[in-house]
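Be aware that the sequence shown starts at 66, since it is given in my numbering, and climbs by one per residue.
To start, the structure under review is shown below, and the notes come after it.
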Amino acid sequence: MSAAAQWLRTRLPEAPTRLMDVMLGAVPAEIAEIPDALAAGALGLYGAVLHGSGCREDALALLAADALLTHAFQAQAELDPSRIEDLARAWGAEGRLGRLVGEPHA
């Protein structure tokens, strides 16, 4: 289990099983930094939602993506609060999330 997956499990023991499964399934094991792994998982899910049907089927993925991005910032605050702005710049509207939503969608 990756460090990010362990981090999620220890902080969210009461999370609904389906939500946790989607979150854990989205977090890439190859990214060592917990905040970056959580943010990468969130962006993967946001990408799936952007290319999804726009219907109820996308709701769980959207909820999981929002939770992962929120927890990425929580993890960064716990590890090194002075780098929260760096995380926001890398993964937020000016970074990868901005590029993701700027891509053409079907």
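A virtual CB, placed ideally from N, CA and C, is assigned to each residue, including glycine.
Distance, residue j Cα to residue i Cα
i	j	result
residue 102	residue 112	15 angstroms
residue 108	residue 78	23 angstroms
residue 87	residue 159	26 angstroms
residue 155	residue 105	11 angstroms
residue 94	residue 66	8 angstroms
residue 138	residue 149	7 angstroms
residue 130	residue 110	5 angstroms
residue 115	residue 166	8 angstroms
residue 124	residue 75	24 angstroms
residue 146	residue 121	36 angstroms
Nonlocal neighbours in the same chain, by C-beta distance under 6 angstroms from residue i, ignoring five residues either side
i	result
residue 152	100, 141
residue 68	99
residue 117	123
C-beta contact flag for residue i and residue j at 8 angstroms
i	j	result
residue 136	residue 73	yes
Expected contact under 8 angstroms - CB spacing of residue i and residue j to nearest Å
i	j	result
residue 80	residue 133	The Cβ separation is near 12 angstroms, so there is no contact.
Own chain residues within Cβ distance below 8 angstroms of residue i, not counting five before or after
i	result
residue 97	68
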